[in-house]
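Just so we're aligned: the sequence shown equals residues -14 to 53 in the numbering used here. Report on the structure given below.
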Amino acid sequence: MANPSHVSRVFSLYKRILLLHRFLPIDLRALGDQYVKDEFRRNKTAAPEEVTVFMREWGVIDSCVSTH
-14 MANPSHVSRV
-4 FSLYKRILLL
6 HRFLPIDLRA
16 LGDQYVKDEF
26 RRNKTAAPEE
36 VTVFMREWGV
46 IDSCVSTH
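Here is the structure:
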């Protein structure tokens, strides 16, 4: 079973990205939401090394989008 704090961090990042998509035009929001959902779903069973990279890269995206 996954570490509860890790699951919480993943879920928090996931929700934050979807919230940021609210400011996109409707077509881009739908595309972005589906992409994020697919990416997070695909990486549910990733190796720990891949998860570290995945979380870091999505964190960078979150930071970049939230500052603009």
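Where is the CB? At the ideal position from N, CA and C, for every residue including glycine. Note that the structure is predicted; figures quoted are calculated from it, not measured.
Alpha helix (DSSP H) containing residue i: first to last residue?
i	result
Arg37	Note that residue 37 is Thr in the sequence shown, not Arg. Its alpha helix (DSSP H) spans residues Pro33 to Ser51.
Phe8	Unbroken run through Phe8: none, as it is neither H nor E.
Spatial neighbours of residue i within its chain, please: CB distance less than 8 Å, with the 5 preceding and 5 following residues excluded, ordered by chain position.
i	result
Leu9	Gly17
Just checking my contact of residue i with residue j at CB under 8 Å: how many whole Å lie between their CB atoms?
i	j	result
Lys3	Val(-8)	One detail in the question is off: residue 3 reads as Leu in this sequence, not Lys. The pair is not a contact, with the Cβ atoms about 17 Å apart (cut-off 8 Å).
Arg14	Asp47	Their Cβ separation, rounded to whole angstroms, is 16 Å, which puts Arg14 and Asp47 out of contact at 8 Å.
Glu34	Asn28	Contact flag wrong, Cβ pair sits at about 12 Å.
Which one of the options has the shortest CA to CA distance from residue i?
i	options	result
Cys49	Pro(-11), Ile11 and His6	His6
Val38	Gln19, Asn(-12), Ser(-10) and Val(-5)	Val(-5)
Excluding five sequence neighbours on each side, which residues of the same chain lie with their C-beta closer than 6 Å to the C-beta of residue i?
i	result
Thr52	none
With a CB to CB cut of under 7 Å and the five nearest residues on each side skipped, what residues in its chain are close to residue i?
i	result
Phe25	Tyr(-1)
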